[in-house]
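K.L.:
Have a look at the structure that comes next, please.
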Amino acid sequence: MNLSPLDHRYYLSNKEIFDRLSLYLSEEALIRYCMKVELTLLKNLVFLDDRLSGKKQIEEKLDRLEKDIMPEEIYEEEERTQHNIRSLVNILKKRVPQTVTHLVHLGATSMDILDTANSCRTRDAVRQVVIPLLLKVEEQLISLCLTHSLTPQVGRTHGQHAVPITFGFALAEYISRLGKSIQRIWEKSGDLRGKLSGAVGAYNAMSLMTDDPEKLEQQFCASLGLLPSEYSTQIIESEYTLLLLLELNTAFGIIANLADDLRNLQRSEIAEVQEEFTATQVGSSTMPQKRNPWNCENIKSMWKAFCPRVLTFFMDQLSDHQRDLTNSASARFIADYITGFTATVNRMSNVLSSLKVNKEKMINFAQSSDLVLAEPVYILLSLGGKGDAHEMVRKITLTCNKTGKKLIDVLKEDPELWDIIIQRLKKVNILNPDDFFNHPESYNGKSREKAERIARQYTGVIEEIRSKVEYGLSG
1040 MNLSPLDHRY YLSNKEIFDR LSLYLSEEAL IRYCMKVELT LLKNLVFLDD
1090 RLSGKKQIEE KLDRLEKDIM PEEIYEEEER TQHNIRSLVN ILKKRVPQTV
1140 THLVHLGATS MDILDTANSC RTRDAVRQVV IPLLLKVEEQ LISLCLTHSL
1190 TPQVGRTHGQ HAVPITFGFA LAEYISRLGK SIQRIWEKSG DLRGKLSGAV
1240 GAYNAMSLMT DDPEKLEQQF CASLGLLPSE YSTQIIESEY TLLLLLELNT
1290 AFGIIANLAD DLRNLQRSEI AEVQEEFTAT QVGSSTMPQK RNPWNCENIK
1340 SMWKAFCPRV LTFFMDQLSD HQRDLTNSAS ARFIADYITG FTATVNRMSN
1390 VLSSLKVNKE KMINFAQSSD LVLAEPVYIL LSLGGKGDAH EMVRKITLTC
1440 NKTGKKLIDV LKEDPELWDI IIQRLKKVNI LNPDDFFNHP ESYNGKSREK
1490 AERIARQYTG VIEEIRSKVE YGLSG
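Everything in the sequence shown is counted per this note's numbering, starting at 1040 for the first residue and increasing by one.
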């Protein structure tokens, strides 16, 4: 019986992605990663032991063991020992060549294995599953941005019409925010650390085995694609993982913000965009006409459920002296967090892949009112020497609201003001003021240029990070 909504509510809609995540984040995956770490330690100790011969053949046998030992064997042994790492050690001792049984887990403490394994699997999950999906969303945003770099839309502040922009410019905000976050996620996932410093981090046991235990730790970690922790106790200091999780949470918030913007643009009275609805999909059990923005709402809801877990990530910074067990339960939910985040990214990808953009609705602001040009009128009058231009235009807009007249018509009633506007528009090569006021969407600043520049910039970012993912680079 599944209790977590991730296992029943969200698994079917994310089956392929969740199955990939399970290779890294499931309990079985943790055992396999711990086994990989134990065998990596054993290989390093084999080459340290000058009494052993045939070391290359031993290493080849150990490589095969990583695939041959099944997690079920470890589960059965754990039932007897009630200790996860000791059960793994016991199984390994039975399966490795007799000549190296004395070296299995030698000098290590459980957290040398567990913390290092968790660093490896978190890094791999983020870099092999999460980041490629984030890059896909970024790519979809870029495509939409370039397609609509010229599509007029009104800019909004406080939910009110402000000045014209383009829809591509609105999307470029999220390209920039998410793109920077993806870069930081790549960086932080590559800075997760390993350790081989023993029970309290002082290399007590390893000092009996080698004159340079820190060099051994470096070699051990390098074999796993990690750097050693700068200062570990029995555990790796939590900040490496914390900083990665915080950046994932930052990306989560960016995606939730995008979903909220798209959700509000789907309101009946706005209707500038629309989530795809299938031919058989039902929006309401009683109102057949409903087409709810349910995917965007789900994204925001998932963010509400998972964002507060940041508090737990911070609380796991505290561990008494060289180590206590107060993170033993809370840290297990990191896998849930990454899974919930990934499901949300995937949902946003689905939204963007089929988003319908209603260009006629977006440009409707220009057909209904030219009051969005109150700003340029105030600027033009100020440049023409009117020190109280802002107050003048404010009163003019009140007249427009009261009488229903258009801004251009009220301005023309004052020949002095209208002449200033005509002269100032000429200075910026706008020779037909009537055309300017009849097409307020043309007053959009650098919307198109900046949208396209941002899109091109982060296309390069995508290509760079994707090449690193594909070639398995660590930096």
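Here a beta-carbon is modelled for each residue, glycine too, at the ideal position from N, C-alpha and C.
All of these numbers come straight from a predicted model, not from anything done at the bench.
Take Ile1377 as the anchor and find which of Lys1425, Leu1304, Asp1355 and Leu1287 has the nearest alpha-carbon.
P.N.:
Within the sequence shown, residue 1377 is the residue found at index 338, counting from 1. The shortest C-alpha separation from Ile1377 is found at Leu1287.
K.L.:
Looking at the unbroken beta strand (DSSP E) that takes in Pro1517, where does it start and where does it end?
P.N.:
Past the edges of the chain, shown from 1040 to 1514, lies residue 1517, and the structure says nothing about it.
K.L.:
Taking 8 Å as the threshold (C-beta atoms), are Ala1290 and Leu1217 in contact?
P.N.:
In the sequence shown, the residue the question calls residue 1217 occupies position 178. In the sequence shown, the residue the question calls residue 1290 occupies position 251. Closer than 8 Å, so yes.
K.L.:
Roughly how many angstroms separate the alpha carbons of Asn1403 and Val1467, rounded to a whole number?
P.N.:
Taking the sequence shown and counting its residues from 1, the one referred to as residue 1403 is at position 364. Taking the sequence shown and counting its residues from 1, the one referred to as residue 1467 is at position 428. Rounded to the nearest angstrom, the two C-alpha atoms are 26 Å apart.
K.L.:
Need the endpoints of the beta strand (DSSP E) that Arg1195 sits in, please.
P.N.:
Here residue 1195 refers to the residue found at position 156 of the sequence shown. Counting along the chain, the beta strand (DSSP E) containing Arg1195 begins and ends at Pro1191 to Thr1196.
K.L.:
Have a look at the DSSP bridge pairing and note the partners of Pro1415.
P.N.:
For this step, residue 1415 is matched to residue 376 along the sequence shown. BP columns for Pro1415 are empty, so no partner.
K.L.:
Excluding five sequence neighbours on each side, which residues of the same chain lie with their C-beta closer than 8 Å to the C-beta of Asp1409?
P.N.:
For the purposes of this step, residue 1409 is taken as residue 370 along the sequence shown, with counting starting at 1. The residues are Lys1445, Leu1446, Ile1447, Phe1476, Asn1477 and Pro1479.
K.L.:
Rounded C-beta distance between Pro1203 and Asn1483? I'm assuming under 8 Å.
P.N.:
The count along the sequence shown starts at 1 and reaches residue 1203 at position 164. The count along the sequence shown starts at 1 and reaches residue 1483 at position 444. 5 Å between Cβ atoms; contact.
K.L.:
At which residue ranges does the segment 1103-1135 contain complete alpha helix (DSSP H) runs of 4 or more residues, listed in the order of the chain?
P.N.:
Complete alpha helix (DSSP H) runs here, min 4: 1110-1120 and 1123-1134.
K.L.:
So, is Asn1157 buried or exposed, given that buried needs 16 or more other C-beta atoms within 10 angstroms?
P.N.:
Counted from its first residue, the sequence shown places residue 1157 at position 118. Classification of Asn1157: buried, given that the 10 Å Cβ count is 16 or more.
K.L.:
My understanding is that Leu1080 touches Phe1206, with C-beta atoms under 8 Å, so please give their C-beta distance in whole angstroms.
P.N.:
Start at 1 with the first residue of the sequence shown, and residue 1080 comes out as number 41. Start at 1 with the first residue of the sequence shown, and residue 1206 comes out as number 167. Contact doesn't hold; Cβ gap of about 55 Å is too wide.
K.L.:
Could you please give me the residues that DSSP links to Val1168 through a beta bridge?
P.N.:
Position 129 of the sequence shown, counting from 1, holds the residue named residue 1168. Paired residue(s): none; Val1168 is not in a bridge.
K.L.:
Could you pull out every residue in the same chain whose Cβ sits closer than 8 Å to the Cβ of Gln1222, ignoring the five residues on either side in sequence?
P.N.:
Counting from 1 along the sequence shown, the entry for residue 1222 is found at position 183. So the list reads Val1500 and Ile1504, once near-sequence residues are dropped.
K.L.:
In its own chain, which residues sit with a C-beta less than 6 Å from the C-beta of Gln1167, not counting the 5 before and 5 after it?
P.N.:
In the sequence shown, counting from the first residue as 1, residue 1167 sits at position 128. Result list for Gln1167: empty, nothing under 6 Å.
K.L.:
In terms of residue numbering, what span does the alpha helix (DSSP H) encompassing His1047 cover?
P.N.:
For the purposes of this step, residue 1047 is identified with residue 8 of the sequence shown, where counting begins at 1. Its alpha helix (DSSP H) spans residues Pro1044 to His1047.
K.L.:
For Leu1185, which residues of its own chain have a beta-carbon under 6 Å away from its beta-carbon, when the five flanking residues on both sides are left out?
P.N.:
Counting from 1 along the sequence shown, the entry for residue 1185 is found at position 146. The residues are Ala1494.
K.L.:
Indicate the three-state DSSP secondary structure (helix, strand or coil) for Gly1424 in the structure shown.
P.N.:
Here residue 1424 corresponds to residue number 385 of the sequence shown, with the count starting at 1. Three-state result, Gly1424: coil.
K.L.:
Going by DSSP in three states, Arg1090 sits in which element: helix, strand or coil?
P.N.:
Here the question's residue 1090 lines up with position 51 in the sequence shown. Arg1090 falls in the coil class under three-state DSSP.
K.L.:
Between the segment 1291-1301 and the segment 1114-1131, are three or more C-beta pairs nearer than 8 Å?
P.N.:
No, the segment 1291-1301 is not in contact with the segment 1114-1131.
K.L.:
For my contact list, Ile1108 and Pro1136 are in at a C-beta cut-off of 8 Å; report their separation, rounded to the angstrom.
P.N.:
Indexing the sequence shown from 1 puts residue 1108 at position 69. Indexing the sequence shown from 1 puts residue 1136 at position 97. That pair is no contact at about 14 Å.
K.L.:
Opposite Thr1396 in the DSSP bridges: which residues?
P.N.:
Translated into the one-based positions of the sequence shown, residue 1396 becomes position 357. The sequence shown places Val at residue 1396, rather than the Thr named in the question. In DSSP, Val1396 forms a bridge with Val1312.
K.L.:
Taking just the CA atoms, how far does Ile1309 sit from Leu1450?
P.N.:
Here residue 1450 corresponds to residue number 411 of the sequence shown, with the count starting at 1. Here residue 1309 corresponds to residue number 270 of the sequence shown, with the count starting at 1. Their backbone Cα atoms lie some 29 Å apart in a straight line.
K.L.:
Tell me which residues share the same chain as Leu1412 and place their Cβ nearer than 7 Å to its Cβ, disregarding the 5 neighbours each side in the sequence.
P.N.:
Residue mapping note: residue 1412 aligns to position 373 of the sequence shown, counting from 1. For Leu1412, where only same-chain residues beyond five positions count, the Cβ hits under 7 Å are Leu1446, Phe1476, Pro1479 and Tyr1482.
K.L.:
Taking all protein chains shown into account, decide if Gln1199 is buried (16 or more other Cβ within 10 angstroms of its Cβ) or exposed.
P.N.:
Stepping through the sequence shown from its first residue, residue 1199 is reached at position 160. Burial call: exposed.
K.L.:
So, at 6 Å on beta carbons, what are the nonlocal neighbours of Phe1057 in its own chain, with the 5 sequence-adjacent residues on each side left out?
P.N.:
As a working note, residue 1057 is residue 18 in the sequence shown. These residues qualify, in order along the chain: Tyr1050.
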